[in-house]
Structure formats: C-alpha cells, structure tokens
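Below is one structure, written out as structure tokens, with a few remarks after it.
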Amino acid sequence: MLPYQINGLIDDSFLLYEYTACKRDVQDTVDAFQKLGLVIHPVKSVFIATQETEFLGFLLNIILMTIRLPPTKAAHVRRTWQFLKTEMTIRETAQVIGLIVSSIPAVHFGELYYKNLEKDKVLALQTGKGNYDAPSYLSKDAKADLSWWINNVGSSFKNVVQPNPDVTLTTYPSTKGLERGGGWSGQFMGNRKLVALGVWRSKGFTSTIWS
Numbered sequence: 012m013l014p015y016q017i018n019g020l021i022d023d024s025f026l027l028y029e030y031t032a033c034k035r036d037v038q039d040t041v042d043a044f045q046k047l048g049l050v051i052h053p054v055k056s057v058f059i060a061t062q063e064t065e066f067l068g069f070l071l072n073i074i075l076m077t078i079r080l081p082p083t084k085a086a087h088v089r090r091t092w093q094f095l096k097t098e099m100t101i102r103e104t105a106q107v108i109g110l111i112v113s114s115i116p117a118v119h120f121g122e123l124y125y126k127n128l129e130k131d132k133v134l135a136l137q138t139g140k141g142n143y144d145a146p147s148y149l150s151k152d153a154k155a156d157l158s159w160w161i162n163n164v165g166s167s168f169k170n171v172v173q174p175n176p177d178v179t180l181t182t183y184p185s186t187k188g189l190e191r192g193g194g195w196s197g198q199f200m201g202n203r204k205l206v207a208l209g210v211w212r213s214k215g216f217t218s219t220i221w222s
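Under our numbering, think of the first position of the sequence shown as 12, with each following residue one higher.
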C-alpha cells in the first residue's frame, strides 16, 4: 500500500506533495501502475514536480491555490461565442451550454451567467416539439450572458479553497411575492451575528433584523 494519497479520475492521476517527496512518490506510483499492467503515457504525463500543471482540462496553481482555464481553451471558448448567430438550432444552443458548464469549475460567478440560455433552449424545445434540429433564438438576456463570458473567461479563476460566505440568503421559489409565499431569511456573519426575515412584495420587500 502506497504511503501517500493519489487524486484521480478515471485514467488521470494527480499527486500533491513537497518537492523532494513528490519526486519520489511519482516514481513509486509509476512503478506500482506498471506492475499492475497499466501503461503510463510518456508524452501526456508530467514526471517532474511543478508548481503549476494542467489536470482534467484545468490549470492548477499550488502557489496561488487557484484553478483557471488554460489560455488555449479560454481563447477557444471566447472565439466560439463571438461568432454565434442570433438564430441557430437547439442542438447548437445545447452545445454552447455544455461548453459553458464544462468551464464553470474555473470561472468565478460563471453559474450566474447561463440560465437564460437554458430558458431559451427549453422554450425552443417546447415550440419545436422536442426536435433538437428546430431553430432556437438568442434572447436579449442570453446575449448579455454570453457577452459576460466573452469579457471574463480569459481572466477569471476560482480559488481552490473558498472562504465562508459573509451573507447567506434563502428564499422560497416564488416570483409572485407574499401572495405566493415569497418569504426569505438570511444570516449575516461579521463582528456580530445578525438574522433577517422578510417577504418579497410586488413593490419591494419588508424585513426584520435582529442580533
């Protein structure tokens, strides 16, 4: 049994350790895999310990403790979206959504900027009766989401370790406010703990806050 941990997914493995120990561990891992009859790819594998490496399509930096898209992939993503047509098939829309979702682990706030594309796809599927080759149109909000990605995909990153949030809000899934049970609550973490409760209304919201 190896005296250290190997992080892996399917046929990709990643070792994180101090330089001297990591160099020894890499060789031990290679020997163990070869004894099991597994073939180690001589070109795709990285045998020399490094502070930055590409793993599962993402660029990991253990000094900054960040994960980002490699420059070539970020450029491909940006290029793909820059030349999108206003009208395309539902299948093409789904491919764009898939490209976005596959990039989200390395793009901070990326989760907030693709739901309008999902809405356009669902609406097009309803109109096209489930035919993925039917036309799909980009709404104004979907174009705004894609514009955000084009402007941010090259410079954005995520921290490997995320800090605790300052504010946590929870709400019922209602768009109609108080009439449909649109309550919300939150906890504000700072010098002192505050709790807030309130309801959404058509002309704003009401709230109560106490410590």
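We put the beta carbon where it would ideally sit given N, CA and C, even for glycine.
Keep in mind it's a predicted model, so treat the numbers as computed, not measured.
- Query: Going by beta carbon distance, what residues of the same chain come within less than 6 angstroms of residue 68, once the five residues before and after it are set aside?
  - Reply: Numbered from 1 along the sequence shown, position 57 holds the residue referred to as residue 68. Closer than 6 angstroms at Cβ, skipping near neighbours: no residue.
- Does the stretch 124-136 come within contact of the stretch 74-81, defined as at least 3 CB pairs closer than 8 angstroms? no
- Task: Name the residue from 123, 162, 51 and 31 whose alpha carbon lies nearest to the alpha carbon of residue 24.
- Result: The residue given as residue 24 occupies position 13 in the sequence shown. When each option's Cα is compared against that of residue 24, the closest is 51.
- Query: Counting along the chain, where does the alpha helix (DSSP H) carrying residue 23 start and finish?
  - Reply: Here residue 23 refers to the residue found at position 12 when the sequence shown is read from its first residue. From DSSP, residue 23 is part of no alpha helix (DSSP H) but of the beta strand (DSSP E) over 23-25.
- Message: Check whether the stretch 102-122 and the stretch 158-167 touch, using three or more Cβ-Cβ pairs below 8 angstroms as the test.
- Response: yes
- Query: Okay, do the stretch 86-97 and the stretch 164-175 touch, 3+ Cβ pairs below 8 angstroms being the bar?
  - Reply: yes
- Item | Inter-residue Cα distance where the pair is residue 41 and residue 119 | For the purposes of this step, residue 41 is taken as the residue at position 30 of the sequence shown. For the purposes of this step, residue 119 is taken as the residue at position 108 of the sequence shown. For residue 41 and residue 119, the distance between alpha carbons rounds to 35 angstroms.
- Task: Write down the C-beta distance between residue 132 and residue 105 rounded to the nearest angstrom, noting that I regard them as a contact closer than 8 angstroms.
- Result: Numbered from its first residue, the sequence shown carries residue 132 at position 121. Numbered from its first residue, the sequence shown carries residue 105 at position 94. The Cβ separation is near 6 angstroms, so the contact holds.
- Task: Return helix, strand or coil for residue 61, following the three-state DSSP convention.
- Result: What you label residue 61 is simply residue 50 of the sequence shown in a count that begins at 1. In the structure shown, residue 61 sits in coil (DSSP, three-state: anything other than H, G, I, E or B).
- What are the boundary residues of the beta strand (DSSP E) that includes residue 103? For the purposes of this step, residue 103 is identified with residue 92 of the sequence shown, where counting begins at 1. First-last for residue 103: 101-114, but that is the alpha helix (DSSP H), not the beta strand (DSSP E).
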